[in-house]
Amino acid sequence: MGDSTGHKHKHLELTLAAVSELSSSSSVSSSSSTPVIARFSADDGVAALRFHQGSEFIDGLNVDLGTSEVSERGSCLILEIMLFKLGPLQSLCVSESADTNKEKSYSRGVSIQFRNEEESRDFHSAFDQWQMESKGTHLPNGDISVSESKFDNKIESSSAKMYFHYYGQLLHQQNMLQDYVRTGTYYAAVIENRVDFTGRVVVDVGAGSGILSLFAAQAGAKHVYAVEASEMADYARKLITGNPTLGQRITVIKGKVEEVELPEKADILISEPMGTLLVNERMLESYIIARDRFLVPNGKMFPSTGRIHMAPFSDEYLFVEIANKALFWQQQDYYGVDLTPLYGSAFQGYFSQPVVDAFDPRLLVCPPMCHVLNFNEIKEEDLYEIDIPLKFTASVGTRVHGLACWFDVLFNGSTVQRWLTTAPGAPTTHWYQIRCVLSQPIYVMAGQEITGRLHMIAHNAQSYTIYLTLSGRSTVIAKMWGPGAEQGGIIQTSSCKLDLKEPYYRMSQPQPYTTALDQQPHQLLQAQVPA
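So the sequence shown is numbered by my numbering: it starts at 35 and just counts up by one.
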């Protein structure tokens with residue numbers, strides 16, 4: 035139905051049910067003889083969207099991006115045009131204008147009605163293509179170069195496809211909604227801080243089902259923009275439409291926060307960007323990008339702070355369980371085949387998987403330490419590589435099998451401060467805790483220092499490669515081996531490399547471990563209690 039002639043003149047026409055300007059009570063509707071037509075064009079670098087019925091253009095509804103127009107307000111420059119989907123058959127086109135002396139800016143909205151959902155999809159697709167052509171760089175051969183988004187430049191396409199497919203399914207949203215620690219804490223943090231939301235503009239980053247947007251509306255938000263890139267955006271619209279009292283103040287925008295445009299700035303950002311070990315899936319970076327793009331100066335972020343907690347642990351059961359997985363490869367006569375050449379690789383492979391489960395806090399052998407991420411101040415690039423020096427004092431003499439980690443986040447409301455914690459011993463969440471297990475444990479005595487390093491490097495599969503090193507001085511080994519005892523023991527160091535993207539989900543309940551006589555569990559967890 036559209037045509038294209040050469041590189042300098044590109045046109046596309048689509049039929050609509052009706053159009054109307056928001057400031058006007060009248061609308062123009064299609065009839066069998068004279069349909070309403072939307073005409074996209076990009077002539078000689080000038081992008082225009084015009085509406086006409088028959089051979090006549092409809093007055094007051096036409097915009098030329100980047101060019102001047104004269105209206106009752108005087109001479110104006112059209113700066114930007116945005117399209118929002120309000121429902122299956124209705125969209126809103128908003129144009130941002132500024133007068134030529136740049137002293138004032140204006141917004142104008144055009145309501146567009148479609149006859150069916152296919153026409154709606156075609157219009158949005160044509161609009162996106164028209165926007166790219168109007169903003170792209172024209173090359174000598176007439177083609178158009180459009181810069182890729184920041185997300186696409188750093189994330190592997192296959193990973194992104196699987197990620198958005200996963201979160202586009204209701205069963206996975208249900209899993210998160212049924213995490214009542216998570217959902218209940220968000221609800222309490224929002225409702226108990228109504229003063230922060232009443233009359234404010236809110237952006238929900240990665241809205242998913244739209245539940246946080248609905249909470250913000252319940253707290254009195256003036257308007258909520260729910261940004262969601264997966265197919266879950268369509269379900270969110272359906273849920274929000276089914277709650278009309280709240281839904282009339284919520285707009286669902288399907289797209290990535292790195293790419294979408296919003297008609298106004300936000301007073302508050304709300305999001306659930308946390309993954310395993312806080313940073314898995316790399317959504318925190320999108321949260322920070324949304325802050326830089328949409329949040330007003332001194333605006334609030336819910337949550338505003340994240341903390342990664344770490345402590346060495348001792349768990350002989352877990353160590354033996356992982357080591358035993360590789361025993362399969364010790365068979366010398368597997369249908370006549372010797373599997374032992376692969377035993378070493380299999381052994382290391384199993385220890386390269388972080389263990390995700392809920393463990394007994396009495397397994398910790400030191401008081402934990404934490405690494406703080408201030409979401410109000412941190413830069414996106416700071417999340418590309420996270421390097422944490424480790425230093426602990428052992429509370430018991432034992433074998434250390436690795437490093438246990440968990441996180442918490444703070445909702446710093448004006449009325450109430452709420453923490454959401456995933457700590458061992460606290461009510462279990464769908465994040466559980468995570469443990470990095472060493473293939474070579476180290477021995478420590480009570481009161482001795484354990485040092486090391488947790489180094490995490492982001493990769494393009496939306497996760498991190500983890501490099502862990504732990505060192506301890508053991509007088510036990512020194513006494514067995516002899517030399518070194520007089521110098522305070524022999525220093526042992528053990529290292530491992532793990533892929534946070536490929537964890538071992540060990541969803542068994544914590545085992546009833548007995549507490550060592552010289553271990554005080556309540557002391558070990560004091561450092562992790564949110565301040």
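Idealized CB from N, CA, C, for every residue including glycine.
What number of angstroms, rounded off, separates the C-alpha of residue i from the C-alpha of residue j?
| i | j | result |
| --- | --- | --- |
| residue 493 | residue 415 | 13 angstroms |
| residue 306 | residue 88 | 49 angstroms |
| residue 63 | residue 279 | 29 angstroms |
| residue 229 | residue 326 | 23 angstroms |
| residue 482 | residue 534 | 30 angstroms |
| residue 189 | residue 69 | 44 angstroms |
| residue 54 | residue 186 | 36 angstroms |
| residue 461 | residue 147 | 49 angstroms |
| residue 406 | residue 318 | 14 angstroms |
| residue 555 | residue 457 | With a pLDDT of 40 at residue 555, under the threshold of 50, the modelled position of this residue cannot be trusted, and the question is left open. |
| residue 183 | residue 290 | 9 angstroms |
| residue 529 | residue 540 | 22 angstroms |
| residue 331 | residue 443 | 22 angstroms |
| residue 125 | residue 485 | 58 angstroms |
| residue 500 | residue 532 | 5 angstroms |
| residue 90 | residue 71 | 10 angstroms |
| residue 196 | residue 495 | 10 angstroms |
| residue 293 | residue 439 | 33 angstroms |
| residue 145 | residue 127 | 6 angstroms |
| residue 418 | residue 490 | 8 angstroms |
| residue 198 | residue 192 | 10 angstroms |
| residue 351 | residue 328 | 49 angstroms |
| residue 121 | residue 49 | 18 angstroms |
| residue 156 | residue 281 | 25 angstroms |
| residue 360 | residue 475 | 17 angstroms |
| residue 85 | residue 536 | 52 angstroms |
| residue 507 | residue 349 | 19 angstroms |
| residue 404 | residue 502 | 15 angstroms |
| residue 211 | residue 163 | 36 angstroms |
| residue 459 | residue 538 | 20 angstroms |
| residue 29 | residue 466 | For the chain, the structure presents residues 35 to 565; residue 29 sits outside this window and is missing. |
| residue 200 | residue 420 | 27 angstroms |
| residue 378 | residue 402 | 32 angstroms |
| residue 92 | residue 83 | 11 angstroms |
| residue 525 | residue 437 | 18 angstroms |
Given a cut-off of 8 angstroms on the beta-carbon distance, is the pair residue i and residue j in contact?
| i | j | result |
| --- | --- | --- |
| residue 497 | residue 314 | yes |
| residue 258 | residue 284 | yes |
| residue 308 | residue 441 | yes |
| residue 364 | residue 374 | yes |
| residue 434 | residue 504 | yes |
| residue 220 | residue 249 | yes |
| residue 223 | residue 447 | yes |
| residue 463 | residue 73 | no |
| residue 274 | residue 244 | yes |
| residue 527 | residue 478 | no |
| residue 117 | residue 154 | no |
| residue 232 | residue 253 | yes |
I want to see whether chain C comes within less than 8 angstroms of residue i, judged by CB atoms only; does it?
| i | result |
| --- | --- |
| residue 225 | No chain C is present in this structure, which holds just one protein chain. |
Quick test of your reading: residue i and residue j, contact by CB under 8 angstroms. State the CB separation rounded to the nearest angstrom.
| i | j | result |
| --- | --- | --- |
| residue 142 | residue 129 | 5 angstroms |
| residue 270 | residue 241 | 6 angstroms |
| residue 304 | residue 376 | Not a contact, Cβ separation roughly 49 angstroms. |
| residue 322 | residue 422 | No, residue 322 and residue 422 are not in contact; Cβ-Cβ is about 19 angstroms, not under 8 angstroms. |
| residue 480 | residue 430 | 5 angstroms |
| residue 312 | residue 340 | 5 angstroms |
| residue 149 | residue 51 | 5 angstroms |
The segment 447 to 454 in contact with the segment 425 to 438 per 3-pair CB rule at 8 angstroms
Judged by pairs of C-beta atoms under 8 angstroms, the segment 447 to 454 does not touch the segment 425 to 438, as fewer than three such pairs exist.
Taking contact to mean 3 or more Cβ pairs, one atom from each stretch, closer than 8 angstroms, check whether the segment 223 to 238 and the segment 297 to 317 are in contact.
Contact between the segment 223 to 238 and the segment 297 to 317 is present, because at least three Cβ pairs lie under 8 angstroms.
At 4 residues or longer, and completely inside the segment 214 to 274: list those alpha helix (DSSP H) runs for me, N to C.
Complete alpha helix (DSSP H) runs here, min 4: 214 to 225, 228 to 231 and 245 to 252.
Would you check if there are 3 or more beta carbon pairs closer than 8 angstroms linking the segment 388 to 399 to the segment 455 to 474?
Contact between the segment 388 to 399 and the segment 455 to 474 is present, with at least three C-beta pairs closer than 8 angstroms.
Tell me whether the segment 199 to 207 and the segment 262 to 274 touch, counting them as touching only if at least three CB pairs, one residue from each stretch, are closer than 8 angstroms.
The segment 199 to 207, when compared against the segment 262 to 274, does touch it at the 8 angstroms Cβ threshold.
Fully enclosed by the segment 405 to 438, which beta strand (DSSP E) runs are 3 residues long or longer?
Here the runs fully enclosed are 419 to 427.
For the segment 352 to 370 and the segment 325 to 339, state whether three or more C-beta atom pairs, one from each stretch, are separated by less than 8 angstroms.
At 8 angstroms Cβ cutoff, the stretches do not touch.
Is the segment 341 to 351 touching the segment 392 to 399 in the sense that three or more CB pairs, one from each, lie closer than 8 angstroms?
Yes, the segment 392 to 399 is in contact with the segment 341 to 351.
Let me know the alpha helix (DSSP H) ranges lying completely inside the segment 360 to 409, each 4 residues or longer, listed in chain order.
For the segment 360 to 409, whole alpha helix (DSSP H) runs of length 4 or above, ordered along the chain, are 377 to 385.
Length-filtered (4 minimum) alpha helix (DSSP H) runs lying within the segment 285 to 372:
Listed in chain order, they are 317 to 328 and 350 to 359.
Going residue by residue through the segment 431 to 490, where are the continuous beta strand (DSSP E) segments of at least 3 residues, counting only ones entirely within it?
Complete beta strand (DSSP E) runs here, min 3: 432 to 446, 451 to 455 and 467 to 478.
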